[in-house]
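J.: So the sequences go chain by chain: Z and D.
The first sequence begins at 1 in my numbering and counts up by one.
The second sequence begins at 1001 in my numbering and counts up by one.
Beta carbons are placed, not taken as given, at the ideal position from N, Cα and C, and that holds for glycine.
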Amino acid sequence: MKRHPLLTFLLYAAVVLLALSIVLPIAWLFIMSISQPTDLTTLPLKWFPETINLDQYKRLLTLEEGSTGETFLYALRNSTVVAVSATLISVLAAIPAAYSFSRFPGRQGLLYGTLAVYMMPPVAFVLPLYLTFSHLGLLNSSWALIIVYCTMLLPFATWLLKNNFDLLPYEIEQAAIIDGASQLQVIWHIALPLIKPALGAALLFALLMAWDEFFYALIYTNDLRAKTLPVAIGDFAAGRATDYGLISAVGMLAALPPLVAALFLQRSLVSGLAAGGTKG
Amino acid sequence: MSSALQQRRTAWVLLVPMLGIMAAVTAWPLLRTVWLSFTDTGMGIGDSGGQWVGLENFARALSDADFRTGFGRTLYFTLVSVGLELLIGILVALLLNQKFRGRFLMRALLVLPWALPTIVNAMMWRLIYNPEYGSLNALLTQLGILSEYRSWLGDPETAMNMVILADVWKNYPIIALIALAALQTVPTELYEAARLDGANAWHRFWHITLPSIAGPLIVALVLRTIEAFRVFDIIYVMTRGGPADSTRTVSFYVYQESFSYLHAGTGAAYAIAVVGFSSLLIGAYIFLLRRQNGASR
């Protein structure tokens, strides 16, 4: 069916407006990050910088004591360590749990129970955990965050993987058990390879969630040793610093890994979202 | 053949790692939060211990006009931002469900705000709203919409709505993507039949489109409501609860009570109030999820 030309025009106009509303804020963040500091504080505002200035990025990528670069690079390291460790632990524990929920029904209450806990606001747990970590001397260490993040990633990963195990036929696994394979061998060699895409999605989602977390990180960490990127960015943005270009560059660098990951996630995005992976 | 008993044992053994972690790091702390809320425990050095004070903390929380205002503010944030996200999300999904060039690119673009870390989003909008050099002021004055620069986040009248705008920009794409995925499962024959029966566009939307995307949308909606109700990050970075407390939500309140004023007891009581309300929403979410999962098999 042919569309009326006026409708076509309106359609494309709406699409262009939508595209601009998404791209412009991010583009502006990028422009700020490559502008001269003086260009950002002149009135009327210059939309395009006269010269491209990569100083901000250079400053962030040099490790010098007491510099912004040092804060940034340490935070980058801490964020990576925390996100990767929490993701690996969570997914490793989620695989057998998801398999159990899928193949041996009868414990659905537990499954929904862990999901309910996962949805609870962090204020429910933050105080006692703070007291415990302080007793154990784990405050201001990556361990505290790794442990806490597992409780966010585990229920989510379990749910996502369970839904994918559900789609596999059980017969092959049963036959393997009869042939003498152990339960773990069956999971590892038969079931898991068949849900590789879902496993990849679970890993990426978990990484994104851990990378994004702010509340616990703000409370449980306080210096270079353990502060993660969101906390460091919070400090930069909320401080009195007026170096807008530098703040923007930090934002661009912190946003880069999740933006790249999201491109890979395109396909499994909706199924992941349905499993509760919308992030805060 | 393994017996039923053996199967049950296997099922539990496989669950042990997950259940162990969850019990230690969530169930037990939650119980302790409940316990703390009945004591006058402090967080400062030297005031460990803490005496049983019964319901005193709850009495204080309930009679605290500031906390009640904060609760109302949180509800406002939740209702307005989730409402707008739903509205814009559906409209955008309907738009992207049309045939046009660059559809694929548009879908990819829609993922960008979702993937942007929450803190980076908050920081980005804080810079855009900047009262002296922000691009929003520049844009609106250059277009002639605004005669002079405004302090968007410095004015108690506008601060909350500006935070909501930043939140909606980041979160409506999720709703749009879920709605779009649901839209694509609606068989086109239904529309053809309805058109032949003389149904207009509105009728087709109301009687065919909406019912078929309602299931996934409601789940997404409840999920977003739960998340919006615990809002903290974006407020911490954009306004720190100010100006004049106009953006101080309940999570922020608990945070300050516990970690700025160091009152663990009352902080826990506030937390329990938040948990109670969230539980209602979580209950609704689990109910919907069970029903949807049961229906799909």
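Assuming Phe125 of chain Z and Thr1026 of chain D make a contact with CB atoms under 8 Å, what is their CB distance in whole Å?
T.: Within the first sequence, the letter at position 125 stands for residue 125 of chain Z. Within the second sequence, the letter at position 26 stands for residue 1026 of chain D. Confirmed, about 6 Å.
J.: For Ala1284 of chain D versus Val1222 of chain D, is the C-beta distance shorter than 7 Å?
T.: Taking the first residue of the second sequence as 1, we reach residue 1284 of chain D at position 284. Taking the first residue of the second sequence as 1, we reach residue 1222 of chain D at position 222. Going by C-beta atoms, Ala1284 of chain D is nearer than 7 Å to Val1222 of chain D.
J.: When you compare only the Cα positions, how much space is there between Leu61 of chain Z and Gly69 of chain Z?
T.: For the purposes of this step, residue 61 of chain Z is taken as the residue at position 61 of the first sequence. For the purposes of this step, residue 69 of chain Z is taken as the residue at position 69 of the first sequence. About 6 Å.
J.: Quick one: list the residues of chain D neighbouring Ser355 of chain Z, beta-carbon separation under 7 Å, in chain order.
T.: The structure shown does not extend to residue 355 of chain Z, since chain Z spans only 1 to 280, so no value can be given for it.
J.: Identify the continuous alpha helix (DSSP H) that holds Arg1060 of chain D and give its terminal residues.
T.: For this step, residue 1060 of chain D is matched to residue 60 along the second sequence. From DSSP, the alpha helix (DSSP H) with Arg1060 of chain D extends over 1056–1063.
J.: Checking contacts by CB at 7 Å: is Thr1088 of chain D closer than that to chain Z?
T.: Position 88 of the second sequence, counted from the first residue, corresponds to residue 1088 of chain D. Note on residue identity: the sequence assigns Ile, not Thr, to residue 1088 of chain D. Judged by the 7 Å Cβ criterion, Ile1088 of chain D is not in contact with chain Z.
J.: With 7 Å set as the bound, which would you pick, yes or no: does the beta-carbon of Val1222 of chain D sit closer than that to a beta-carbon of chain Z?
T.: The residue labelled residue 1222 of chain D in the question sits at position 222 within the second sequence. So no, Val1222 of chain D is outside the interface.
J.: Where DSSP assigns a beta bridge to Thr1039 of chain D, which residues make up the other side?
T.: Position 39 of the second sequence, counted from the start, is the residue given in the question as residue 1039 of chain D. BP columns for Thr1039 of chain D point to D:Trp1052.
J.: If you follow the alpha helix (DSSP H) that Val123 of chain Z is part of, which residue opens it and which one closes it?
T.: Sequence index remark: in the first sequence, residue 123 of chain Z carries index 123 (1-based). Neither: Val123 of chain Z is in no alpha helix (DSSP H) and is coded neither H nor E.
J.: When you compare only the Cα positions, how much space is there between Glu1056 of chain D and Phe1038 of chain D?
T.: Here the question's residue 1056 of chain D lines up with position 56 in the second sequence. Here the question's residue 1038 of chain D lines up with position 38 in the second sequence. Rounded to whole angstroms, Glu1056 of chain D to Phe1038 of chain D spans 7 Å at the Cα level.
J.: May I ask you to list the residues that DSSP assigns as paired with His1263 of chain D?
T.: Counting from one through the second sequence, the residue named residue 1263 of chain D turns up at place 263. According to DSSP, which records beta bridges pairwise, His1263 of chain D is partnered with D:Gly1042.
J.: Are Tyr99 of chain Z and Leu1014 of chain D touching if we call contact CB-CB under 7 Å?
T.: Translated into the one-based positions of the first sequence, residue 99 of chain Z becomes position 99. Translated into the one-based positions of the second sequence, residue 1014 of chain D becomes position 14. The answer is yes: Cβ separation under 7 Å.
J.: Would you list, in sequence order, the uninterrupted beta strand (DSSP E) runs of no fewer than 3 residues that lie entirely inside the stretch 89–126 of chain Z?
T.: Listed in chain order, nothing qualifies, since the stretch 89–126 of chain Z has no complete beta strand (DSSP E) run of 3 or more residues.
J.: Since Pro1029 of chain D meets chain Z, which of its residues come closer than 7 Å, beta carbon to beta carbon?
T.: Along the second sequence, one-based indexing puts residue 1029 of chain D at 29. Phe125, Pro128, Leu129, listed in chain order.
J.: For the candidate residues D:Ala1166, D:Phe1100, D:Leu1086, whose alpha-carbon lies nearest to that of Leu7 of chain Z?
T.: Within the first sequence, residue 7 of chain Z is the residue found at index 7, counting from 1. Of D:Ala1166, D:Phe1100, D:Leu1086, the residue nearest in Cα terms is D:Phe1100.
J.: Here's a check: name, in chain order, each residue in its chain whose Cβ is nearer than 6 Å to the Cβ of Gly280 of chain Z, leaving out the five neighbours to either side.
T.: Within the first sequence, residue 280 of chain Z is the residue found at index 280, counting from 1. With a pLDDT of 38 at Gly280 of chain Z, under the threshold of 50, the predicted position of this residue should be treated as unreliable, and no value is reported.
J.: What would DSSP say about Leu1288 of chain D, mapped onto helix, strand or coil?
T.: Indexing the second sequence from 1 puts residue 1288 of chain D at position 288. In the structure shown, Leu1288 of chain D sits in a helix (DSSP, three-state: H, G or I).
J.: Helix, strand or coil for Arg1170 of chain D, going by three-state DSSP, please let me know.
T.: Indexing the second sequence from 1 puts residue 1170 of chain D at position 170. Reading the sequence as shown, one finds Lys at residue 1170 of chain D and not Arg. It is helical.
J.: For Thr1225 of chain D, which option in Z:Pro258, Z:Leu145, Z:Pro121 has the closest C-alpha, if you only look at C-alpha atoms?
T.: Here residue 1225 of chain D corresponds to residue number 225 of the second sequence, with the count starting at 1. Comparing Cα-Cα distances from Thr1225 of chain D to each of Z:Pro258, Z:Leu145, Z:Pro121, the minimum goes to Z:Pro121.
J.: Please confirm if Gly234 of chain Z has its CB atom under 7 Å from at least one CB of chain D.
T.: The residue given as residue 234 of chain Z occupies position 234 in the first sequence. Taking Cβ atoms only, chain D reaches closer than 7 Å to Gly234 of chain Z, which makes this a yes.
J.: Going residue by residue through the stretch 38–91 of chain Z, where are the continuous alpha helix (DSSP H) segments of at least 4 residues, counting only ones entirely within it?
T.: Qualifying alpha helix (DSSP H) stretches, in chain order: 55–60.
J.: Excluding the 5 residues flanking Leu11 of chain Z on each side, which residues of the same chain have their C-beta closer than 6 Å to its C-beta?
T.: Your numbering for residue 11 of chain Z matches position 11 in the first sequence. Once the five neighbours on either side are set aside, Leu11 of chain Z has no close Cβ partner at all.
J.: Can we say the stretch 157–166 of chain Z touches the stretch 198–208 of chain Z, given the rule of at least three CB pairs closer than 8 Å?
T.: The stretch 157–166 of chain Z is in contact with the stretch 198–208 of chain Z.
J.: Looking only at its own chain, which residues have a Cβ that is under 6 Å from the Cβ of Tyr244 of chain Z, when we skip the five neighbours before and after it?
T.: The residue labelled residue 244 of chain Z in the question sits at position 244 within the first sequence. Closer than 6 Å at Cβ, skipping near neighbours: Met32, Leu40.
J.: Leaving out five residues before and five after Ser1147 of chain D in sequence, what residues of the same chain have Cβ atoms less than 8 Å from its Cβ?
T.: Residue 1147 of chain D sits at position 147 when you count from the first residue of the second sequence. The residues are Thr1141.
J.: Can at least three beta-carbon pairs, one atom from the stretch 1151–1160 of chain D and one from the stretch 1195–1204 of chain D, be found at a separation below 8 Å?
T.: Segments in contact, no.
J.: Do Tyr74 of chain Z and Val148 of chain Z come within 7 Å of each other at the CB atom, strictly closer than that value?
T.: Counting from one through the first sequence, the residue named residue 148 of chain Z turns up at place 148. Counting from one through the first sequence, the residue named residue 74 of chain Z turns up at place 74. Contact flag unset, no.
J.: For Leu224 of chain Z, which residues of its own chain have a beta-carbon under 6 Å away from its beta-carbon, when the five flanking residues on both sides are left out?
T.: Within the first sequence, numbered from 1, the residue matching residue 224 of chain Z stands at position 224. Tyr74, listed in sequence order.
J.: Hey, is Arg1230 of chain D's beta-carbon within less than 7 Å of any beta-carbon in chain Z?
T.: Translated into the one-based positions of the second sequence, residue 1230 of chain D becomes position 230. Taking Cβ atoms only, chain Z reaches closer than 7 Å to Arg1230 of chain D, which makes this a yes.
J.: Interface residues of chain Z around Gly1267 of chain D at Cβ under 7 Å?
T.: One-based indexing of the second sequence puts residue 1267 of chain D at position 267. Chain Z residues near Gly1267 of chain D: Leu127.
J.: Select from D:Pro1216, D:Tyr1191, D:Arg1068 the residue whose C-alpha is nearest the C-alpha of Trp1206 of chain D.
T.: As a position in the second sequence, residue 1206 of chain D is number 206, starting the count at 1. Cα-wise, what sits closest to Trp1206 of chain D is D:Tyr1191.
J.: Rounded to whole angstroms, what's the CA-CA distance from Val91 of chain Z to Lys196 of chain Z? Just pull it up for me.
T.: On the first sequence, residue 91 of chain Z is found 91 positions in, with the first residue counted as 1. On the first sequence, residue 196 of chain Z is found 196 positions in, with the first residue counted as 1. Between Val91 of chain Z and Lys196 of chain Z, the C-alpha separation is close to 13 Å.
J.: Output yes if chain D places a C-beta closer than 7 Å to the C-beta of Tyr244 of chain Z; else output no.
T.: Sequence index remark: in the first sequence, residue 244 of chain Z carries index 244 (1-based). By this cut-off, Tyr244 of chain Z is an interface position.
J.: For Gly1054 of chain D, tell me which candidate among D:Val1016, D:Thr1041, D:Ala1011 has the shortest Cα-Cα distance.
T.: Reading the second sequence from its first residue, position 54 is the one you call residue 1054 of chain D. Residue D:Thr1041 is the option with its Cα nearest to Gly1054 of chain D.
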